[in-house]
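In the working numbering, the protein residues as written are 640 to 805. Take a look at the structure set out below.
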Amino acid sequence: MGGSESFKAVLAVIAMTRNARMSPPLACTAVTTAESGTTEDAVKVNRSRSTWSLTDGISGSSCDPVRGLVMWSPSGEEVGGLERADWMPPQIALFHPLQMRIWDGVSDQMRVVDAFEDDVFVTLRLQHREAPDETGEATINREFGVVTEYRDAATEILLTNLHIDL
């Protein structure tokens with residue numbers, strides 16, 4: 640990773656994530672583009688209560704982990720529930736940057752190779768662990784501590800109309 644500026648940018652991400660528990664509930668539209676096409680989902684996340692919901696913009700189906708089982712799949716088809724309290728779809732993971740699989744952990748596909756920041760955003764440059772030619776980027780909104788744009792070789796997710804959900 641680059642020099643001291645990159646290090647300071649990563650520290651900014653850590654600070655934002657630590658403060659997330661005190662943030663208000665948020666809502667947005669997640670626009671996801673993959674090989675299968677583009678979808679728009681309504682997203683609500685309350686990080687202080689550790690709750691979230693994602694409602695499919697096409698079928699109206701939704702997932703809600705509070706009931707214990709999550710019914711969700713990226714293709715839109717119904718799948719059996721996942722009995723893991725820490726599981727979340729990628730659109731929800733954007734609200735928890737340090738839990739994303741981009742930090743070069745054992746099961747992570749991507750890793751942060753550089754970072755830079757300005758007054759509004761922290762941008763992380765990503766590289767696939769096993770295919771270095773595959774790159775990506777995660778842009779974090781400093782105000783909300785949320786990844787508002789994520790891109791890798793297979794997927795792009797853009798959060799639009801991000802706002803406090805009172």
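Note that CB positions come from ideal geometry on N, CA and C, so glycine has one too.
Through-space distance from Pro664 to Thr774, alpha-carbon basis:
31 Å
Contact set for Glu644: own chain, Cβ-Cβ below 7 Å, skip 5 residues either direction
Phe755
Short check: CB of Thr808 to CB of Leu798, under 9 Å?
The displayed coordinates of the chain run from 640 to 805. Any statement about residue 808 would go beyond what the structure contains.
Are Gln738 and Arg750 closer than 9 Å when you measure CB to CB?
no
Between the beta-carbon of Lys647 and the beta-carbon of Ala666, is there less than 9 Å?
no
Locate the beta strand (DSSP E) running through Gln766, then write down its first and last residues.
Phe760 to His767
Among residues of its own chain, excluding the 5 on either side of Asp804, which ones have a beta-carbon nearer than 7 Å to its beta-carbon?
Pro664, Leu665, Ala666 and Lys683
Could you check what DSSP says for Thr656 in three-state terms: helix, strand or coil?
helix
With DSSP collapsed to three states, give me the class of Ala666.
strand
Span separating the alpha-carbon of Asp743 from that of Asn800
30 Å
Please list, in chain order, all residues of the same chain as Ile731 whose beta carbon is under 8 Å from its beta carbon, the five residues on each side excluded.
Val682, Val684, Trp691 and Leu693
Check this for me: beta carbons of Ala777 and Tyr789, under 9 Å apart or not?
yes
Contacts around Ala793, its chain only, beta-carbon distance under 8 Å, and the 5 residues preceding and following it disregarded:
Ala673 and Glu674
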